[in-house]
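Residues 3 to 458 (the UniProt record's numbering) make up the sequence shown, in order. Every residue, glycine too, gets a C-beta built ideally from N, C-alpha and C. Remember, it's a predicted structure, so these values are computed and weren't measured experimentally. What follows is a short report on a single structure.
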Amino acid sequence: PPRNSNAARDIANLLHPYTDARAHAQNGPLVITRGEGVRVFDDQGNSYIETVAGLWCASLGFDNARLVEAATKQMKQLPFYHAFTGRSHEPAIDLAEMLIERAPVPMSKVFFCNSGSEANDTAVKMIWYFNNAIGRPEKKKIIGRLKGYHGITIAAGSVTGLPVNHKLFDLPIAGVLHTTTPHYYREGRPGETEEQFATRCATELDELIIAEGPETVAAFFAEPVMGAGGVLVPPATYYEKIQAVLKKHDVLFVADEVICGFGRTGEYWGCQSMGIQPDILTCAKALSASFLPISAVLINDRIFQGLADGSASIGSFGHGFTYSGHPVPAAVAVETLKIYDEMEIVAHVKKVAPVLQDGLRSRFANHPLVGEVRGIGLIGAVELVADKATKKAFDPAQKIGPRLTKIAEANGLIMRALPGDGIAFSPPLIITAEEIVDMLDRFSKSLDELAVQLRR
Ligand code: PLP
């Protein structure tokens, strides 16, 4: 690229998250300069449908005058204040109240952070503190699931169950364990029904807790529908069985709603789609439509009472961020939740979701390169396989997912390939039926072009 182009300056100066630096220096970035609805535009003027809403997050798309106005108004009035001991401000108060009103189960209090990782780290610390406060400090182990994604900070990154986030970082830390991924297509055994598979997942969790000692196991973390691990929707009875095991051993359920929250799965919360009654809920991303960073941890009254008692008996909960509940993102989040109410986000997702889900299945399930189509609401994935009959995956060296996303880019789509060659769909929630059809048409063309390339 020309020396002073965006691409050249990027390569010269910017270290990107999750990026092979040498490959990046060769290929350069796609530089996005503006957005409009479900589309973004690059610095060459090309337009793309954002099929994953950025990072599963830009729920209201890439322009919204009301959110800009909410941020500007708050910046003019009070650009910063904190909420440490004895201090507060209206945006944090309003947002906490709105989240409590909208929670999927009765919740007591909200704690604000800036990212999904911070929210999950905070949940881990709250759980440790809670069990200390109620006199059982040894009950501190955390169980996540293989392929689960909860972020990358030391605790959240430990609960995450993806090798790339553990390898070379000495993660997971001691006391964080992982149980079976509830993905029937890949993990189900020959002859095992989905129901039997769900039972086995719960039995394996039970056995893990018993082997570790239930008095040492504090909490289980789960995304209602796993996102980054492949868009994995568990079998129907999975959570019912898992929750029975957790209840038996008094292990807390932390629902990570960072992707699923605010309509993605066709209900306001993934917990409602999946029948989960969490003790703690973390959310981020669509909380502010991702116009500004903010995340939240919702806790039920049992946890809150433990924390409150603990302040008196063991000292206050020594945890919080400079920007916990920063007024500007909080004001944007308040406006975001109002917009969701006014546009009836859940009704909208329920209306257009069949266009995505039926479209994915009817158009791609029989495609020779597709092993499985899965999803719910406005989240889905198509898993590419080398051999449909045997489910044989492509050799990772072939980088088949990235190859497809490159072809899709030329066809006006920004897509995301997940580990295991799942191609994700998680568009802005404002997407219309017509835009979904356009997206699937472009994907279909891309997939056929990949098939032609592979035949050569
Ligand atoms: N939890 C889930 C389910 C996520 O998908 C993500 C990010 O994609 C996170 C947590 C981490 O959030 P962040 O990247 O804001 O730290």
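- Scanning F132, F82, H18 for the CA closest to the CA of S318 turns up F132.
- Not one heavy atom of the ligand PLP lies closer than 8 Å to the C-beta of V334.
- The C-beta distance from V247 to A213 rounds to 13 Å, too long to fall under 8 Å, and the pair is not in contact.
- Residue burial annotation: V166 is exposed, with fewer than 16 other C-beta atoms found within 10 angstroms of its C-beta.
- Taken atom to atom, the span from the alpha-carbon of E140 to that of A221 is near 12 Å.
- Ranking C273, P216, S49, G190 by CA distance to the CA of E225 puts C273 first.
- Judged by their CB atoms, N413 and S297 are not nearer to each other than the 9 Å cut-off.
- Only exposed fits H321, as fewer than 16 other CB atoms lie within 10 angstroms of its CB.
- When the Cα atoms are used, S292 and L62 turn out to be separated by approximately 9 Å.
- Of the other Cβ atoms in all chains shown, fewer than 16 fall within 10 Å of the Cβ of D252; this residue is therefore exposed.
- Per DSSP, S49 is one residue of the beta strand (DSSP E) stretching across 49–52.
- Setting aside the 5 residues that flank it on each side, T35 is surrounded in the same chain by F43, D44, D45, each with a C-beta closer than 7 Å to its C-beta; the list follows chain order.
- Distance from the CA of L283 to the CA of A27, rounded to the nearest whole angstrom, comes to 39 Å.
- Within the chosen limit of 8 Å, the ligand PLP reaches the beta carbon of L57 through at least one heavy atom.
- Here M228 carries a strand assignment [DSSP, helix/strand/coil].
- Within the segment 222–285, complete beta strand (DSSP E) segments of at least 3 residues are found at 254–258, 282–285, given in chain order.
- Across the structure, F114 and V375 are spaced so that their CA atoms are roughly 36 Å apart.
- The Cβ-Cβ distance between M276 and Y241 falls below 9 Å.
- Of all alpha-carbon atoms in F323, K447, L380, the one lying nearest the alpha-carbon of L431 is that of L380.
- As computed with DSSP, L420 is found in a beta bridge with G424.
- Distance between Q307 and A158, taken at the CA atoms: about 24 Å.
- For D397, the secondary structure class from DSSP, reduced to helix, strand or coil, is coil.
- Under the DSSP assignment, D311 falls outside any beta strand (DSSP E), being part of the alpha helix (DSSP H) whose first and last residues are 303–315.
- Apart from sequence neighbours up to five positions away, the residues of its chain that approach A60 with a beta-carbon distance below 6 Å are S292, P430, ordered along the chain.
- Unbroken alpha helix (DSSP H) stretches of 4 residues or longer found wholly inside the segment 63–112: 67–79, 92–104, given in chain order.
- Taking all protein chains shown into account, L17 has fewer than 16 neighbouring C-beta atoms within 10 Å of its C-beta and is therefore exposed.
- DSSP, read as helix, strand or coil, puts I144 in strand.
- In the structure shown, the three-state DSSP call for D443 is helix.
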